[in-house]
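The structure under discussion appears below in the form of structure tokens.
Chains as they are written, first to last, in the numbering used here: chain A, 171 to 699; chain B, 2 to 495.
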């Protein structure tokens with residue numbers, strides 16, 4: 171992308187004929203026989219734009235395949251096994267089609283693209299750099315007249331006056347004007363946005379930077395997850411591992427762990443809903459549905475060598491960062507049992523009148539029911555995995571010496587349903603004396619799954635993105651504009667040979683150049699000059 | 002640049018004033034018919050006149066009228082036509098803006114969080130940018146394409162399920178959503194404008210009508226086969242059920258939402274529309290015949306005739322599908338739902354609140370709509386080829402617009418990808434997940450990167466650049482709409 175804009179090569183070459191002493195012939199001299207030849211050809215091949223275009227087309231095709239065919243990292247192994255017959259699956263897996271973006275040949279393609287960018291840029295960079303290092307401040311009159319925009323004006327003032335006027339106007343239009351004298355000929359030269367010449371290299375460099383950031387992330391970073399119940403702490407990360415074959419992954423889930431230099435503790439987990447929930451007994455459907463949940467908040471504390479360093483709240487879109495590690499809310503579930511449970515006990519007193527009492531206990535607690543002399547101790551509580559129903563199991567001792575009764579307790583609605591569905595004796599829903607117990611409120615203990623990522627390359631990637639944007643802005647919206655004016659003294663007055671060019675947006679530049687010519691025409695100049 | 006063009010306008014002005022009475026009458030008649038359909042449905046919906054649905058319905062009436070006039074403008078260059086069209090666009094745009102504002106207020110977030118919202122915003126931005134580009138390049142002709150595309154987008158949005166009251170899932174509650182999606186919309190709009198400029202370039206450059214005809218026929222064949230292959234959201238009965246058995250997927254919406262039914266049980270919603278199958282078969286055969294005849298280079302007269310037939314066949318089949326799908330009563334559909342599923346609902350409210358809808362088939366309807374409009378444009382082009390070519394701006398200008406717009410689209414695409422990556426990194430801890438939508442965006446980016454390399458380094462301007470920009474836009478559509486409906490991923494909600 172050394173030349174730019176709507177440009178066609180030949181024009182550009184003609185424009186720069188005055189500034190390019192060595193447009194071709196940059197091929198190194200052949201030293202050795204076949205080997206040097208081979209190296210030479212390889213480098214030449216690597217530096218062609220054609221290779222770049224082919225690579226882009228190949229990448230488009232590969233990406234397309236990668237979007238159409240489900241990929242291992244985003245698809246459950248069972249789904250893949252359902253989708254493809256086993257021999258095909260093995261073959262696709264071996265070819266890397268099921269994990270294209272991590273296949274060795276995909277990395278090789280990217281590497282080749284990187285090399286292509288490097289060599290193609292190196293090949294052309296010297297030309298662009300010459301514009302900056304050695305601007306063509308002096309051109310012969312013939313070359314100035316050969317510029318895309320050119321004009322000749324006769325001024326009725328002597329050389330010195332003409333110089334002042336032209337310098338002033340060129341300075342106004344383009345920028346700071348310099349005067350160079352060679353062979354007794356004075357040329358006024360000005361240019362602007364010369365750095366636009368480097369835009370293409372900036373863009374390509376930024377791509378390399380982004381690649382580099384990605385590679386650093388792959389090499390030195392990792393991704394994994396940790397799962398914690400409220401109150402628990404850990405310093406171990408279970409890594410994601412997408413590199414294994416599909417068959418292996420489903421049959422043998424392998425855990426790879428990494429130790430972090432600090433410990434993470436889940437102090438408190440809570441879920442906040444968009445609208446208040448009707449029932450105080452939460453179900454998994456409620457706490458996990460993105461449609462009703464506003465966000466999940468986990469208060470995490472960070473510990474090093476037994477000392478608490480800091481506390482942060484993690485939520486979706488609100489990750490925790492600590493010492494290069496970042497933690498993202500990714501899964502939320504019930505933990506082990508409920509923290510606090512409220513039971514309603516419905517009995518009949520001696521007169522046969524219904525009698526309701528509410529008992530609240532904490533985890534591991536117990537309560538006494540005077541009617542019948544029961545003592546209820548909590549055995550287990552939680553939300554059933556499959557049926558998604560909150561439950562508690564109570565162990566009830568009576569002072570009458572009979573063996574204790576294990577009673578599953580649900581909310582009233584569920585208990586009614588169970589009585590309808592299940593035959594009367596298969597599951598106990600009442601105590602022998604007819605006492606019924608329902609769960610009416612429960613404060614669950616939650617567990618959270620956090621994704622952990624450690625990516626030292628990410629800042630490099632952002633730097634690359636910013637460079638990329640700057641490069642694109644320069645490439646598309648800034649053009650390198652140059653104007654030359656040669657002053658030829660006449661017997662009466664001075665002839666100004668004006669020439670100028672821009673490496674893109676030529677029509678806009680042409681307009682500007684015409685304005686300059688117009689301003690310099692004698693009738694438009696103030697009389698005193 | 003402007004000098005060349007003012008010359009042209011003067012020239013056009015010297016020609017005898019073209020007849021515009023009939024096109025005007027037809028457009029207004031069409032708008033009237035549409036209004037007879039839209040307004041009662043607005044009143045029936047009961048949400049009143051101040052609602053996104055009502056605003057959009059009204060906007061559509063005016064957009065359709067304006068589109069008809071602007072397409073006529075291709076063949077009959079009359080400034081009066083444009084003036085009337087501009088008035089209609091203005092009215093439509095006001096309603097459109099109203100719909101967006103209302104949706105925004107109800108949803109409490111800018112309307113860019115799902116495909117429906119993105120489509121109405123896309124159309125809005127397209128109309129706005131079309132106006133801007135007209136101011137810069139004085140290309141009235143650009144509207145003749147941009148406004149119909151915007152109209153299509155709004156029409157498409159109305160057949161998509163929408164729920165303004167939906168609160169955003171936690172992952173989407175981020176300011177980066179708006180930044181990311183705004184870049185996406187504007188870059189896609191720029192790509193659309195480059196596409197339009199490219200098509201105009203090809204017309205002006207006198208690409209043979211046969212080529213356009215062949216592309217149109219191929220598009221029709223591809224659309225019919227494509228909607229049949231992919232059109233049904235139902236995985237078990239995916240292939241060739243429309244064509245072979247006339248089975249069409251219609252859906253019941255319950256309070257504006259899909260009735261949540263397990264994927265496996267969705268087959269009961271398949272309703273046989275026997276005539277739709279037959280009509281589509283005919284349309285397919287005619288288009289196939291057209292494709293073959295174009296390929297064999299038969300006489301022009303035959304070719305035009307077959308193009309007309311295929312247009313009519315498509316029009317009729319689209320009409321049959323719509324009419325017969327919408328004429329199913331709610332009860333007829335409910336009868337097909339197994340009682341196990343129905344038991345989850347209060348059946349009486351369901352029967353009252355559920356509405357028959359073809360919204361579960363946006364892909365099918367979009368495909369048919371696009372094929373229809375393309376066929377229509379081709380017929381207009383072929384009937385007034387000389388007049389249209391003569392009235393188009395110079396190829397140089399169109400080529401420059403093409404390039405300039407791509408130089409706007411490309412940085413925007415880059416920003417879209419970069420902000421998306423940044424947001425993903427904040428939300429999921431990784432800036433790149435090789436999610437289908439991400440890869441799709443990358444494909445689009447690469448295609449336009451290749452375009453720029455070919456143009457800047459290899460001097461590919463003109464026709465080749467135009468074809469390139471058209472291919473680029475196809476990839477944009479694939480990424481924008483195709484991936485969301487056909488492939489699962491992180492962008493599943495968009």
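Ideal Cβ positions, reconstructed from N, Cα and C, are used throughout, including at glycine.
For residue i, does the three-state DSSP call read helix, strand or coil?
i	result
residue 453 of chain A	coil
residue 656 of chain A	strand
residue 608 of chain A	strand
residue 708 of chain A	Past the boundaries of the shown model lies residue 708 of chain A; chain A is included only from 171 to 699, so the question cannot be answered.
residue 477 of chain A	strand
residue 703 of chain A	This structure gives no information on residue 703 of chain A, because the portion of chain A shown stretches from 171 to 699.
residue 613 of chain A	strand
residue 132 of chain B	helix
residue 263 of chain A	helix
residue 199 of chain B	helix
residue 64 of chain B	helix
residue 352 of chain A	strand
Please report the distance separating the alpha-carbon of residue i from that of residue j.
i	j	result
residue 514 of chain A	residue 581 of chain A	9 Å
residue 464 of chain A	residue 441 of chain A	8 Å
residue 659 of chain A	residue 692 of chain A	15 Å
residue 630 of chain A	residue 380 of chain A	7 Å
residue 315 of chain A	residue 683 of chain A	14 Å
residue 333 of chain B	residue 340 of chain B	14 Å
residue 190 of chain A	residue 297 of chain A	Low confidence applies to residue 190 of chain A: its pLDDT is 37, below 50, so where it sits in the model is not reliable, and the reading given next is rough at best. Their backbone Cα atoms lie some 8 Å apart in a straight line.
residue 126 of chain B	residue 612 of chain A	51 Å
residue 282 of chain B	residue 97 of chain B	37 Å
residue 123 of chain B	residue 276 of chain A	35 Å
residue 287 of chain B	residue 31 of chain B	27 Å
residue 304 of chain B	residue 321 of chain B	26 Å
residue 608 of chain A	residue 530 of chain A	12 Å
residue 293 of chain A	residue 56 of chain B	58 Å
residue 438 of chain B	residue 484 of chain B	6 Å
residue 110 of chain B	residue 213 of chain B	42 Å
residue 493 of chain A	residue 396 of chain A	17 Å
residue 359 of chain A	residue 383 of chain A	42 Å
residue 117 of chain B	residue 365 of chain B	16 Å
residue 318 of chain B	residue 219 of chain B	18 Å
residue 145 of chain B	residue 90 of chain B	12 Å
Per DSSP, which one or two residues make a beta bridge with residue i?
i	result
residue 398 of chain A	A:618
residue 324 of chain A	A:665
residue 347 of chain A	A:360
residue 438 of chain A	A:469
residue 578 of chain A	A:563
residue 319 of chain A	A:670
residue 427 of chain A	A:408
residue 651 of chain A	A:362, A:672
residue 178 of chain B	DSSP lists no partner for residue 178 of chain B.
residue 28 of chain B	The partner list for residue 28 of chain B (beta bridge, DSSP) is empty, contrary to what the question assumes.
residue 251 of chain A	According to DSSP, residue 251 of chain A bridges with nothing at all.
residue 490 of chain A	A:497
residue 485 of chain A	A:488
Report back the beta-carbon spacing between residue i and residue j to the nearest angstrom; my notes put them in contact at under 8 Å.
i	j	result
residue 447 of chain A	residue 455 of chain A	The pair is not a contact, with the Cβ atoms about 11 Å apart (cut-off 8 Å).
residue 635 of chain A	residue 419 of chain B	4 Å
residue 666 of chain A	residue 386 of chain A	About 56 Å; that fails the 8 Å criterion.
residue 64 of chain B	residue 93 of chain B	4 Å
residue 216 of chain A	residue 286 of chain A	6 Å
residue 390 of chain B	residue 204 of chain B	6 Å
residue 400 of chain A	residue 436 of chain A	6 Å
| request: Jot down the residue ranges of each uninterrupted alpha helix (DSSP H) in the segment 76-123 of chain B, minimum 4 residues, whole runs only, in chain order. | output: 80-108
| What are the complete beta strand (DSSP E) segments, minimum 3 residues, inside the segment 506-566 of chain A? | 524-532, 536-539, 544-553
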